[in-house]
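*Asks:* Counted the way the numbering used here counts, the sequence shown spans residues 6 to 215.
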Amino acid sequence: MGVGRIIETEAHVAEGAAWLAARDRRFAALLEATGPLPLRRRPDGFAALFDAILGQQVSTASAGAIRLRLEAAGLFDEGPVALASEEALRACGLSRPKARYAQALARAGLDYAALREAPDEEVIATLVALPGIGRWTAEIYALISLGRADVFAPGDLALQEAARALFDLPARPSERALRAMAEDWRPWRAVAARALWAYYRLKRRREGIR
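1. Looking only at DSSP bridge pairs, what is Arg140 linked to?
2. Note the first and the last residue of the continuous alpha helix (DSSP H) segment covering Leu151.
3. Is it right to say Ala154 is buried, meaning 16 or more other beta carbons lie within 10 angstroms of its own, or is it exposed?
4. Mind checking if Lys208 is an interface residue toward chain C, Cβ cutoff 9 angstroms exclusive?
5. Under a Cβ-count criterion, where at least 16 other Cβ atoms within 10 Å of its own Cβ denotes burial, should Ala27 be classed as buried or exposed?
6. For Val18, which residues of its own chain have a beta-carbon under 7 angstroms away from its beta-carbon, when the five flanking residues on both sides are left out?
7. When you compare the CB positions of Leu171 and Leu201, do they come within less than 9 angstroms of one another, or not?
8. Provide the residue span of the alpha helix (DSSP H) that contains Trp202, from first to last.
9. Is Ser179 buried or exposed, if buried means 16 or more other CB atoms sit within 10 Å of its CB?
10. So, under 8 angstroms CB-CB, Arg31 and Ile149 are touching, yes? Tell me the CB distance rounded to an integer number of Å.
11. Looking at C-alpha atoms only, which residue of Leu54, Leu59, Gly160 is the closest neighbour of Lys103?
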């Protein structure tokens, strides 16, 4: 099975949004409330995955501060991180486990160009085989950095909460339950994710949550 559709432009997102709106009136209502969905594309490669490791279990501000220290120390590119000592990485603010995850990622020799051409499940399987990278991180990488149109990340708490609200569920769905729900949104599950993220942000603003 080859690579499916790639989301590269706002027009691709709009195409998927129109498909979802036609399939389910609740998505149509969501899109009326949120307006056009953002592209949500970021560069792929080592830095994207390293950023994901930095962001695990810490605030965005803390992760950003650590990144700045790493960059100042010349320890944000794949080669220098692969050669760095654990102590040097920890001196920039990484925990011992994250320092080890970063070294494992840098030394894995991932062929990032080849990942762009690999089927979705192969991308995810390759990434989750690395220490410190779970399925959520791998799915977000495929969805946002590689632009895969039919990848979803049901372990994402914001997606779970948005689905609970949109579909009037009695409780936040589990990862397994949301993955099953998302089968109805193929082949545009990544656009469904963008829609649910937009809905989550809209509800937070309406409820005054910061």
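The C-beta atom is built at its ideal place from N, Cα and C for all residues, glycine as well.
*Replies:* Straight from the coordinates:
1. Working through the sequence shown from its first residue, we reach residue 140 at position 135. Looking at the DSSP assignment, Arg140 forms no beta bridge with any residue, so it has no partner.
2. Here residue 151 corresponds to residue number 146 of the sequence shown, with the count starting at 1. First-last for Leu151: undefined, no H or E at that position.
3. Numbered from its first residue, the sequence shown carries residue 154 at position 149. Taking all protein chains in view, the Cβ of Ala154 is crowded by 16 or more other Cβ atoms within 10 Å, so the residue is classified as buried.
4. Absent from the structure: chain C. Only one protein chain is present.
5. Walking along the sequence shown from the start, residue 27 turns up at place 22. Looking at its Cβ environment, which holds fewer than 16 other Cβ atoms inside 10 Å, Ala27 is exposed.
6. Counting from one through the sequence shown, the residue named residue 18 turns up at place 13. Here the set comprises Ile12, Leu42, Leu44, Val196, Arg199.
7. Position 166 of the sequence shown, counted from the first residue, corresponds to residue 171. Position 196 of the sequence shown, counted from the first residue, corresponds to residue 201. Cβ atoms of Leu171 and Leu201: closer than 9 angstroms.
8. The count along the sequence shown starts at 1 and reaches residue 202 at position 197. Per DSSP, Trp202 belongs to the alpha helix (DSSP H) from 194-211.
9. Stepping through the sequence shown from its first residue, residue 179 is reached at position 174. When all chains shown are included, Ser179 counts as exposed.
10. Start at 1 with the first residue of the sequence shown, and residue 31 comes out as number 26. Start at 1 with the first residue of the sequence shown, and residue 149 comes out as number 144. A Cβ-Cβ separation of about 24 angstroms leaves Arg31 out of contact with Ile149 under the 8 angstroms criterion.
11. Mapped onto the sequence shown, residue 103 falls at position 98. Residue Leu59 is the option with its Cα nearest to Lys103.
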